[in-house]
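J.: Using our numbering, the first residue of the sequence shown is number 10, and each one after it goes up by one.
Every residue, glycine too, gets a C-beta built ideally from N, C-alpha and C.
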Amino acid sequence: MTEYDNTNTGAAFKSDKYDSYSGTLNVEGKEYWVSVYDKKKDGSPNTDKNGMPWFRITVKPKEFKTNDEPF
């Protein structure tokens, strides 16, 4: 079986517990966490002045702990 190249790809999945959607993103071989919000903090939908939906996206680098780090 050949291995799939995930470079420069990502995916976000529905999450009822935390963000609207969350997942991972790979950019040039570096891994990131991605969160996609389809609602404002007050729970109302994100829409522009014409009523078209938009999404707010946040990206954080995945930081892996080494064996030298205590926590």
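Check for me: the beta strand (DSSP E) holding Trp42 runs from which residue to which?
T.: Indexing the sequence shown from 1 puts residue 42 at position 33. Where Trp42 is concerned, the enclosing beta strand (DSSP E) stretches over Lys39 to Tyr46.
J.: According to DSSP, is Asn9 part of a helix, a strand, or is it coil?
T.: Outside the shown range of the chain, which is 10 to 80, sits residue 9, and nothing can be said about it.
J.: When DSSP builds the beta bridges, which residues end up paired with Tyr27?
T.: Locating residue 27 in the sequence shown gives position 18, where the first residue counts as 1. Partner(s): none; Tyr27 has no beta bridge.
J.: State yes or no: is the C-beta of Thr16 within less than 8 Å of the C-beta of Gly38?
T.: In the sequence shown, residue 16 corresponds to position 7, counting from 1. In the sequence shown, residue 38 corresponds to position 29, counting from 1. Going by C-beta atoms, Thr16 is nearer than 8 Å to Gly38.
J.: For Asn55, collect the residues of the same chain with a Cβ closer than 8 Å to its Cβ; drop the 5 residues on either side in sequence, then sort them by chain order.
T.: For this step, residue 55 is matched to residue 46 along the sequence shown. The answer, listed in chain order, is Tyr46, Asp47, Lys48, Lys49, Pro62, Trp63, Phe64 and Arg65.
J.: Looking only at its own chain, which residues have a Cβ that is under 7 Å from the Cβ of Ser29, when we skip the five neighbours before and after it?
T.: Here residue 29 refers to the residue found at position 20 of the sequence shown. Val45, Tyr46, Asp47 and Lys48.
J.: Look at the Cβ atom of Tyr41, then the Cβ atom of Pro70, and state whether they are nearer than 8 Å.
T.: Looking up residue 41 in the sequence shown gives position 32. Looking up residue 70 in the sequence shown gives position 61. Taking 8 Å as the Cβ cut-off, Tyr41 and Pro70 qualify as a contacting pair.
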